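Numbering (the numbering used here), first residue to last: 48 to 270.
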């Protein structure tokens, strides 16, 4: 599980990251709101721990933009703003939980584990959008009832895009999650793979599903 810690106090951020890493989480730390949004748009996180008082862009604004970018991404607000009004505001804006500083790490850990357990359920067998269906156990893909031959990497790529349908996925995210490599801007391996997948998925169909978002990446969606 990969977490993003958004906290302007480096010592606090380091303490939180160290604690989660001891429980086999991956934990990244950023120290301002703008950097948080960049990481959220570029990398796949399972949950975000978000402070309110941040430089450049405050936590309320970051939370609002997270809900636009990734509506299902679990967010826990962690803040010294302890008024009832602040807690209600965070929850009404879309935070899944709100923990007041100073805090116990054991409580933070328990709350994050609960958030991760309560994520929206995903069907472990079938992934679909429109008339495209991916059968994970059988390792097959069909569109409009017609079988689509895919390579192993194309199958992984399509499965990842289906799990994140409606979300714009950067080349960095695709490279790290599907190819397990750091993205090299000098290579076109991602673009070539998407082009081939698009030919197999969309060619001959009235409704295209794979779309390019210029300067950002790709999205699987009905538009």
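Beta carbons: idealized from backbone N, C-alpha and C, even for Gly.
Keep in mind the model is a prediction, meaning the values are calculated, not measured.
| Asked | Found |
| --- | --- |
| Residue 90 beta carbon less than 8 Å from that of residue 57 | no |
| Range of the contiguous alpha helix (DSSP H) that encloses residue 172 | Element bounds for residue 172: n/a, residue is neither H nor E. |
| Residue 207: first and last residue of the uninterrupted alpha helix (DSSP H) it sits in | 199-210 |
| Residue 170 versus residue 202: straight-line alpha-carbon distance, rounded | Reliability of the predicted coordinates at residue 170 is poor, the pLDDT of 49 falling under 50, and the value obtained from them is presented with this limitation in mind. Distance between the alpha carbons of residue 170 and residue 202: 17 Å. |
| Residue 101 versus residue 54 - alpha carbon distance | 7 Å |
| Same chain, Cβ closer than 8 Å to residue 183, neighbours up to 5 away in sequence not counted | 171, 172, 173, 174 and 206 |
| CA nearest to the CA of residue 83, picked from 104, 93 and 70 | 104 |
| Distance, residue 87 Cα to residue 141 Cα | 16 Å |
| Three or more C-beta pairs below 8 Å linking the stretch 132-147 and the stretch 110-117 | yes |
| Residue interval of the beta strand (DSSP E) (run including residue 264) | 264-267 |
| Residue range of the beta strand (DSSP E) that includes residue 160 | From DSSP, residue 160 is part of no beta strand (DSSP E) but of the alpha helix (DSSP H) over 152-164. |
| Supposed contact pair residue 155 and residue 95 - C-beta distance, whole angstroms, cut 8 Å | Not confirmed; about 13 Å, so no contact. |
| Spatial neighbours of residue 147 in its chain, beta-carbon cut-off 6 Å, leaving aside the 5 residues before and after | 129 |
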